[in-house]
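Participant: The structure follows.
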Amino acid sequence: MALISTDTELAVKLLNDGEVIGIPTETVYGLAGNALNTDAVASIFEVKNRPTFDPLIIHTHSIEQFENYVEITDDRVYTLAEKFMPGPLTLLLPRKTIIPDLVTSGLDTVAIRIPQHPLTLKLLRQLDFPLAAPSANPFGYISPTSAQHVNHQLGEQINLILDGGECQVGIESTIVGFDGSETIVYRKGGLSIEDIESAVGKVKVIEHSSSNPLAPGMLKSHYAPRKTLILIDIGSEIAQDANRIGYIGDANRIGYIGDANRIGYIGFQNYIPNIPKENQLLLSPTGDFKEAAKNLFAYMRQLDNTDVDIIYTTLLPEKDLGRAINDRIRRATVKA
Ligand code: TXA
Ligand code: MG
27 MALISTDTEL AVKLLNDGEV IGIPTETVYG LAGNALNTDA VASIFEVKNR
77 PTFDPLIIHT HSIEQFENYV EITDDRVYTL AEKFMPGPLT LLLPRKTIIP
127 DLVTSGLDTV AIRIPQHPLT LKLLRQLDFP LAAPSANPFG YISPTSAQHV
177 NHQLGEQINL ILDGGECQVG IESTIVGFDG SETIVYRKGG LSIEDIESAV
227 GKVKVIEHSS SNPLAPGMLK SHYAPRKTLI LIDIGSEIAQ DANRIGYIGD
277 ANRIGYIGDA NRIGYIGFQN YIPNIPKENQ LLLSPTGDFK EAAKNLFAYM
327 RQLDNTDVDI IYTTLLPEKD LGRAINDRIR RATVKA
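Next comes the structure, spelled out in structure tokens:
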């Protein structure tokens, strides 16, 4: 297993040697390597088992550092950067040639962000290159929000995970790009669309589709637990008829006709009847979207590791971070 430590000196040494390591960010943990070293970048894809057509985000410590790697031709970049960086925002900007093709999958733009985590900012200041870092999960699985999550899944393949505690945001960054005068949200995430619009006006939000996997975070099935996750409408039969509980959803597709004791539930504020309480996890009993985002992946993972057979879940109100959370839930419930 990997060493879990706060030793940034060791992290610097390993990264300078071209190794990949786990790093904390406020959103989710990343699997990081020298973005300017093609071998290190190739190792990231290999460790994650990620297809190379899915480009990586590069991480820097300051907006001044951006200028080494991207062209900034638009004032909206500075407006957003000043307001929200460091923070859960990634910008798609025209790349400079110093960024290897492998990082961007050959695209002309590179995704860039400044993570808001003291340990990782300290690390980035000690490096003379940016870090390419996708979320530190095997491709398609739930993103990790603690060092232990990373160790559990990728610990055999890396030597170090920097321990920054639990991620405070809990879902990935919001990805924003520009097309002429249009501001486009390519992936909903930890910075709400309302916040972005308050800074730069109306944005266009791209909904995910399986037909265009090159677009950011757009693969239809993603963030998924191994167990079948089923979206239910609270207030449907599940709340009323204990005998039929195993038939909620599309029984033919699920193939599950069973015992309520083996059903798990991830809800927003309220428990539902007929499923044992110990199998139910509430994202935020007080209805706080930030708390819900922080708990989402950890709870999916927690139930995935119990002996429930299937997991029911439900959507949150479609506003604020609820939009990004619902996006993750919808994708986790689609099986490819
Ligand atoms: O919060 C985050 O963004 C985390 C932490 C570790 O920083 N990182 C993360 O990386 O979520 P990853 O690789 O799991 O997701 C990055 C997404 C992918 O869906 C990828 O397709 C998209 O960003 N992306 C990266 N570069 C792109 C580009 N040049 N054009 C379009 N999409 C891009
Ligand atoms: Mg990811």
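Residue 27 is where the sequence shown starts when you use this note's numbering, and the numbers rise one by one after that. Glycine included, every Cβ here is placed at the ideal spot set by N, Cα and C.
Below 8 Å, can you find three or more Cβ-Cβ pairs linking the stretch 142-157 to the stretch 108-127?
Facilitator: Verdict: yes, contact present.
Participant: Among S69, S172 and L308, which has the Cα closest to the Cα of V195?
Facilitator: Considering only alpha carbons, the answer is S172.
Participant: With distances taken Cα to Cα, identify the nearest neighbour of D101 among T209, L342 and R139.
Facilitator: With distances taken between Cα atoms, D101 lies closest to T209.
Participant: Does the beta-carbon distance from Y212 to I201 come in below 8 Å?
Facilitator: It is a contact, given that the beta carbons lie within the stated cut-off.
Participant: From G203 to G44, what does the alpha carbon distance come to, in whole angstroms?
Facilitator: Those two C-alpha atoms are separated by around 30 Å.
Participant: What's the call for D285, buried or exposed, on a 16-neighbour Cβ count within 10 Å?
Facilitator: By the 10 Å Cβ count, D285 comes out exposed.
Participant: Pick helix, strand or coil for K109, following the three-state DSSP scheme.
Facilitator: K109 falls in the helix class under three-state DSSP.
Participant: Decide if the stretch 63-82 is in contact with the stretch 91-100; the criterion is three or more beta carbon pairs, one per stretch, under 8 Å apart.
Facilitator: The stretch 63-82 vs the stretch 91-100: no contact.
Participant: For E52, does the count of other Cβ atoms within 10 angstroms reach 16, so buried, or fall short, so exposed?
Facilitator: The residue in question, E52, is buried, as its Cβ has 16 or more Cβ neighbours within 10 Å.
Participant: Count the other CB atoms, across all protein chains shown, that sit within 10 Å of the CB of A162; report buried if there are 16 or more and exposed otherwise.
Facilitator: Buried.
Participant: Among T332, R357 and Q295, whose alpha-carbon lies nearest the alpha-carbon of R288?
Facilitator: Ranking T332, R357 and Q295 by Cα distance to R288 puts T332 first.
Participant: Please determine whether the Cβ atom of E198 lies at a distance below 7 Å from any heavy atom of the ligand MG.
Facilitator: E198 Cβ: within cutoff of the ligand MG.
Participant: Taking the alpha helix (DSSP H) that H175 falls in, what are its first and last residues?
Facilitator: Taken as a continuous stretch (DSSP letters only), the alpha helix (DSSP H) holding H175 covers A173 to L180.
Participant: Should K39 be labelled buried (16 or more other beta-carbon atoms within 10 Å of its own) or exposed?
Facilitator: Result: exposed.
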